[in-house]
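A.B. asks: Next up is a structure, given as structure tokens.
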Amino acid sequence: MSQAKEERSATNSSPESHGTDLISKLPMRETPSEPQILYKNFWFRRIFLERIMLLEATFKARHDDIILATNPKCGTTWLKALSFAITNRSHYDSGNHPLLTRHPQEVIPTIDVEIPLNGDLNFIEKLPPPRILATHLPLSLLPESIRIQGCRIVYICRDPKDAFVSRWHFVSDFFGEKTDINVAFNMFCEGVVDYGPYWDHCLEYWRESVKSDRILFLKYEEMMLEPVKFVKVLASFLGAPFTGEEEDAGVPEELVRLCSFKTLSGVNSSQTEVVQRGSVVVKKSAYFRRGKVGDWVNHISEEMARKLDDIVQEKLKGSGLVF
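This is the structure in structure tokens:
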């Protein structure tokens, strides 16, 4: 899409939707699929923005809530699995673990995606403490009560090139969109994608993590290199550190195997089984494509890679965050 394409006001397609009056006045960009709407410096399609605005107005955090924050397709499913396995390890053994029968997306809700438009928060209110809740929201758009309550936040980011490729594949399954990769790449580079710009999303959490010990900032590539090390780091941050006896017994290694791409993708390999994500139904297998570091080389050219690297380097300059 041409960068010169004019932004215009979003049209109202759902009179009953939360925030309709405001949404109709927000800047919008046409895309090859659904329009992207600019809200507080980030882009969203309407199906997400309606829920985000509703969440802002209704969600009440608890002081012991744990928030798993990610940009889409940056390790969300893996982080959910690890966090669930770590905090529930005293309840299950590896032979009867829920992750062997249930999708990680089913055991930890993504609140900004799954909140129904009627505002019913029972699906999270009924969760026992400490609640582990996931979100794709940038830090600046998290419900204010999360900051007030001082909730712990785990954030994971990923090389933008791999994040783009994974997102491009997933959107094809999630929304049935077959956008040309070159067109999708240009939109990503402009930042006009769901929850984008990508670099601003990362920067908000990075800068806060430098100042506050309530945010654990992780990188997907580093976790892939040393998963056991980072499982221990994650466990300590979640308030569930491994005991010496557990480490001697190989419990961290066991959880890494349980939550590995091989194990989880095998459990969720069916092309017919689905997981309900709010109003959208997604094939379970769509969440497990390759999970590899550096897979971008198989999908985008070196010229495209250099372009994105240059953009990201410029956007992150002086922050201390590098990919």
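One point on numbering: in full-length UniProt numbering, the residue at position 317 of the sequence shown is 317, and numbering is uninterrupted.
Quick reminder that beta carbons are idealized off the backbone N, C-alpha and C, glycines included.
All figures in this text were calculated on a predicted structure; none of them were measured in a lab.
1) Grab me the residues of Val-192's own chain with a C-beta within less than 6 Å of its C-beta, minus the 5 sequence neighbours each way, in chain order.
2) So, is Pro-15 buried or exposed, given that buried needs 16 or more other C-beta atoms within 10 angstroms?
3) Please determine whether the Cβ atom of Gln-313 lies at a distance below 7 Å from any heavy atom of the ligand SAH.
4) Taking DSSP as the reference, what is the three-state secondary structure of Lys-219?
5) Classify Val-154 as helix, strand or coil using the three-state DSSP reduction.
6) Starting from Phe-42, follow the beta strand (DSSP E) in both directions and report where the run begins and ends.
7) So what does DSSP say about Ser-270, is it helix, strand or coil?
8) Along the chain, where does the alpha helix (DSSP H) containing Ile-23 start, and where does it finish?
9) Quick one: Cα of Met-1 to Cα of Asp-93, how far?
10) Just verifying my parser: in three-state terms, what is the DSSP assignment at Ser-9?
11) Quick one: what does DSSP say Tyr-39 is sitting in, helix, strand or coil?
12) Mind checking Ser-270: buried by the 16 CB within 10 Å criterion, or exposed?
13) Do Tyr-205 and Leu-139 have their beta-carbon atoms positioned less than 8 Å apart in this structure?
14) Excluding five sequence neighbours on each side, which residues of the same chain lie with their C-beta closer than 8 Å to the C-beta of Val-231?
15) Using 8 Å as the threshold, is the C-beta distance between Glu-222 and Ile-215 below it?
16) Looking at the unbroken beta strand (DSSP E) that takes in Thr-70, where does it start and where does it end?
17) Under the rule that 16 or more other beta-carbon atoms within 10 Å means buried, what is His-97, buried or exposed?
18) Within a Cβ cutoff of 7 Å, which residues of the same chain sit near Pro-129, ignoring the five residues on either side of it in sequence?
19) Given this structure, state the Cα-to-Cα distance separating Val-322 from Leu-316, to the nearest angstrom.
20) What first and last residue would you give for the beta strand (DSSP E) that runs through Leu-133?
21) Enumerate in chain order the residues of its own chain whose CB-to-CB distance from Pro-241 is below 8 Å, with the five nearest sequence positions on each side excluded.
22) On the three-state DSSP scale, how would you describe Arg-214?
23) If you run the structure through DSSP and keep just helix, strand and coil, what is Thr-110?
C.D. replies: Reading it off the structure:
1) Start at 1 with the first residue of the sequence shown, and residue 192 comes out as number 192. Result list for Val-192: Arg-29, Gln-36, Trp-43, in chain order.
2) Here residue 15 refers to the residue found at position 15 of the sequence shown. Below a pLDDT of 50, predicted positions are generally treated as unreliable, and Pro-15, at 35, falls in that range; no measurement from the model is reported.
3) With respect to the ligand SAH, the structure shown offers nothing to examine, as it has no ligands at all.
4) Translated into the one-based positions of the sequence shown, residue 219 becomes position 219. Of the three classes helix, strand and coil, the one that applies to Lys-219 here is strand, per DSSP.
5) Translated into positions along the sequence shown, residue 154 becomes position 154. Three-state DSSP puts Val-154 in a strand.
6) Within the sequence shown, numbered from 1, the residue matching residue 42 stands at position 42. Residues 42–44.
7) Your numbering for residue 270 matches position 270 in the sequence shown. In this prediction, Ser-270 has a pLDDT of 44, which is less than 50 and means its spatial position is unreliable; nothing more can be read from the coordinates.
8) Here residue 23 refers to the residue found at position 23 when the sequence shown is read from its first residue. Start and end: 20–23.
9) Taking the sequence shown and counting its residues from 1, the one referred to as residue 1 is at position 1. Taking the sequence shown and counting its residues from 1, the one referred to as residue 93 is at position 93. With a pLDDT of 37 at Met-1, under the threshold of 50, the predicted position of this residue should be treated as unreliable, though the coordinate-derived value follows. So the alpha carbons of these two residues sit roughly 51 Å apart.
10) Looking up residue 9 in the sequence shown gives position 9. Any reading at Ser-9 is ruled out, since the residue's pLDDT is 39, under 50, leaving its predicted position unreliable.
11) One-based indexing of the sequence shown puts residue 39 at position 39. Here Tyr-39 sits in strand by DSSP.
12) Position 270 of the sequence shown, counted from the start, is the residue given in the question as residue 270. The predicted model places Ser-270 with a pLDDT of 44, which falls under 50 and marks its position as unreliable, so this point remains unresolved.
13) Numbered from 1 along the sequence shown, position 139 holds the residue referred to as residue 139. Numbered from 1 along the sequence shown, position 205 holds the residue referred to as residue 205. It is a contact, given that the beta carbons lie within the stated cut-off.
14) Position 231 of the sequence shown holds residue 231. So the qualifying residues of the chain are Leu-82, Ile-86, Pro-252, Leu-255, Val-256.
15) The count along the sequence shown starts at 1 and reaches residue 222 at position 222. The count along the sequence shown starts at 1 and reaches residue 215 at position 215. Against a cut-off of 8 Å, the Cβ pair of Ile-215 and Glu-222 comes out as no contact.
16) Stepping through the sequence shown from its first residue, residue 70 is reached at position 70. 66–70 is the extent of the beta strand (DSSP E) around Thr-70.
17) On the sequence shown, position 97 is the one that residue 97 refers to. Per the 10 Å Cβ criterion, buried.
18) The count along the sequence shown starts at 1 and reaches residue 129 at position 129. The residues are Arg-62, Asp-64.
19) Position 322 of the sequence shown holds residue 322. Position 316 of the sequence shown holds residue 316. Using only the alpha carbons, I get a separation of about 7 Å.
20) In the sequence shown, the residue the question calls residue 133 occupies position 133. Counting along the chain, the beta strand (DSSP E) containing Leu-133 begins and ends at 132–135.
21) For the purposes of this step, residue 241 is identified with residue 241 of the sequence shown, where counting begins at 1. Closer than 8 Å at the Cβ level, and outside the excluded window around Pro-241, lie Lys-232, Ala-235.
22) What you label residue 214 is simply residue 214 of the sequence shown in a count that begins at 1. In the structure shown, Arg-214 sits in coil (DSSP, three-state: anything other than H, G, I, E or B).
23) Numbered from 1 along the sequence shown, position 110 holds the residue referred to as residue 110. Of the three classes helix, strand and coil, the one that applies to Thr-110 here is strand, per DSSP.
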